[in-house]
Each structure stands twice: as structure tokens, then as C-alpha cells.
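*Asks:* Take 28 as the starting number for the sequence shown in the working numbering and just add one per residue. Before anything else, here's the structure in question.
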Amino acid sequence: MSRYTGPRLRVVRRFQQQIPGLARKSDGVRTNPPGQHGERRTRMTDYRLRLEEKQKLRYNYGVTERQLRKYFREAKRIKGDTGKNLLQLLESRLDSVVFRLGFAPTIPAARQLVSHGHIAINGSRVNIPSFVMHVGDVITPTDKSKTHPVIIETVQNPSLSLADYLDLDEKKPEGVFKREPEREDIALEVLENFVVEYYSRVA
């Protein structure tokens with residue numbers, strides 16, 4: 028399954044909640060599901076509930092189904108809670124960190140900045156959105172990109188408050204990945220245990 032590139036506010040309405048990585052805060056957007064019969068509320072099966080939580084992760088972090096399965100398998104191999112491990116892996120992607128630092132308004136926008144070579148890690152340009160951040164890594168726009176209009180605008184008007192696992196010097200601008208993300212650092216409202224159950228059943 029490919030990465031979603033369709034209407035973003037339609038996804039927000041579908042889940043009836045904010046999907047912060049996909050779209051800026053959408054005050055005023057109708058909360059009923061999209062479509063002619065959006066007002067109708069149908070009872071969800073257990074499978075559908077688990078599928079919906081899994082889809083929230085895909086939409087929020089902008090990953091493909093294959094990528095998310097890969098992250099799930101990796102999360103299972105790590106000691107500790109699989110759901111928390113999964114969220115930590117996704118949150119530690121470079122495109123996610125660029126977004127959480129306020130260098131981009133959404134994760135898709137952050138992915139584009141990274142892919143086009145606008146972001147450097149520890150002084151070296153990195154153009155891989157899935158690059159895994161490590162504690163102590165320093166994230167900056169490249170020298171030629173410090174005046175990029177998207178970066179300037181979003182640093183001044185970030186979509187979310189700065190996550191506690193990051194430090195940010197807005198004047199440079201420069202961010203530091205100071206520790207691994209914890210569960211409370213995740214901006215998305217998601218039941219990660221349902222995602223674990225979904226993949227455990229379909230695997």
C-alpha cells in the first residue's frame with residue numbers, strides 16, 4: 028500500500044480527531060465522517076477498531092504499509108513494550124523530528140525538505156526521511172536553506188509545542204535530539220496496543 032497523498036482534512040474528518048503529522052490543527056472542520064451518510068454512526072467490529080488505529084499511524088507518520096510492518100517487526104525485537112517501541116521508532120525518524128522541531132508545518136512537508144537536501148545532521152546533509160536519529164544528534168537547515176521560507180515561517184508559527192525530547196535554538200535555527208521519545212511525547216492520540224494486536228493477528 029502506497030503513501031497517502033489525497034485530501035488531508037478528509038482524513039481528519041474520517042477519524043474525528045486531529046492527525047497532527049498530516050495536517051495543521053483544523054479548528055472549524057466538521058467532525059462527522061466524510062460522505063453523504065457521514066452522520067450515521069455504525070458499530071465497529073474489533074478488527075475495524077484495530078485497523079483504524081493502525082491507519083492513524085500510517086497517516087500521521089506518512090509511512091507505507093510495508094514500512095509500518097517493518098517497524099512493527101523491529102519493535103517486537105526490542106526489549107520492552109512493543110507498542111511504545113513502535114511509537115518511539117516512528118517518532119525518531121528524521122522527517123518526524125524535523126516536523127516536531129517546527130522546521131516544517133507537517134510531516135509530508137518535512138519529508139520534502141529532507142528529500143530536497145535542506146536538512147543537515149551534525150553538519151552533514153542527509154536526504155533520507157527515514158534516517159534514524161540518535162541521542163545527541165544536532166539538526167539544522169543547511170547553510171543555503173537557513174532562509175528557506177517554509178522553515179522561517181514554521182519556526183515562528185509552529186504547528187505543535189516543542190517536544191520535551193528536543194532542544195531548539197530558534198535564532199540559528201538548530202535542534203538537538205536530547206533523548207529518546209517517551210510515550211507522553213507522542214502528539215497523536217492513538218491506541219498503540221490495538222496496532223500491536225492488529226499485526227499480531229494478521230501476521
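Beta carbons: idealized from backbone N, C-alpha and C, even for Gly. Quantities reported herein were computed from a predicted structural model and do not represent experimental measurements.
I'd like the span of the beta strand (DSSP E) that includes residue 203, first residue to last.
*Replies:* Here residue 203 refers to the residue found at position 176 when the sequence shown is read from its first residue. Counting along the chain, the beta strand (DSSP E) containing residue 203 begins and ends at 201-204.
*Asks:* Could you check what DSSP says for residue 47 in three-state terms: helix, strand or coil?
*Replies:* On the sequence shown, position 20 is the one that residue 47 refers to. The answer is coil: DSSP assigns residue 47 none of H, G, I, E or B.
*Asks:* Can you list, in chain order, the residues of its chain whose CB lies under 6 Å from that of residue 202, leaving out five sequence neighbours each side?
*Replies:* Here residue 202 refers to the residue found at position 175 of the sequence shown. Contacts found: 128, 166, 193, 195.
*Asks:* Evaluate contact between the region 78-93 and the region 111-130, counting only Cβ atoms and requiring at least three cross-stretch pairs below 8 Å.
*Replies:* Yes, the region 78-93 touches the region 111-130.
*Asks:* Suppose contacts are defined by Cβ-Cβ distances below 7 Å. Is residue 83 in contact with residue 217 by that definition?
*Replies:* Counted from its first residue, the sequence shown places residue 83 at position 56. Counted from its first residue, the sequence shown places residue 217 at position 190. Yes, they are a contact pair.
*Asks:* Can you pull the DSSP bridge partners for residue 165?
*Replies:* Indexing the sequence shown from 1 puts residue 165 at position 138. For residue 165, which the question treats as bridged, DSSP gives the partners 203.
*Asks:* Take the Cβ of residue 141 as the centre, count every other Cβ of all protein chains shown within 10 Å, and call the residue buried at 16 or more, exposed below.
*Replies:* Counting from one through the sequence shown, the residue named residue 141 turns up at place 114. Residue 141 comes out buried.
*Asks:* Leaving out the 5 sequence neighbours to the left and right, which residues in its chain are closer than 6 Å to residue 182 when beta-carbon positions are compared?
*Replies:* In the sequence shown, the residue the question calls residue 182 occupies position 155. For residue 182, where only same-chain residues beyond five positions count, the Cβ hits under 6 Å are 129, 197, 200.
*Asks:* If I'm right that residue 169 touches residue 146 with Cβ under 8 Å, what's the distance once you round it to whole angstroms?
*Replies:* What you label residue 169 is simply residue 142 of the sequence shown in a count that begins at 1. What you label residue 146 is simply residue 119 of the sequence shown in a count that begins at 1. Contact flag correct, Cβ pair sits at about 7 Å.
*Asks:* Between residue 40 and residue 187, what straight-line distance do the alpha-carbon atoms span, to the nearest angstrom?
*Replies:* Position 13 of the sequence shown, counted from the start, is the residue given in the question as residue 40. Position 160 of the sequence shown, counted from the start, is the residue given in the question as residue 187. In a straight line, the C-alpha of residue 40 is about 19 Å away from that of residue 187.
*Asks:* Drop a sphere of 10 angstroms on the beta-carbon of residue 80, count the other beta-carbons inside from all chains shown, and report buried for 16 or more, exposed for fewer.
*Replies:* Within the sequence shown, numbered from 1, the residue matching residue 80 stands at position 53. Buried.
*Asks:* Go to residue 147, then tell me how far its beta strand (DSSP E) extends in each direction, as first and last residue.
*Replies:* What you label residue 147 is simply residue 120 of the sequence shown in a count that begins at 1. Start and end: 146-148.
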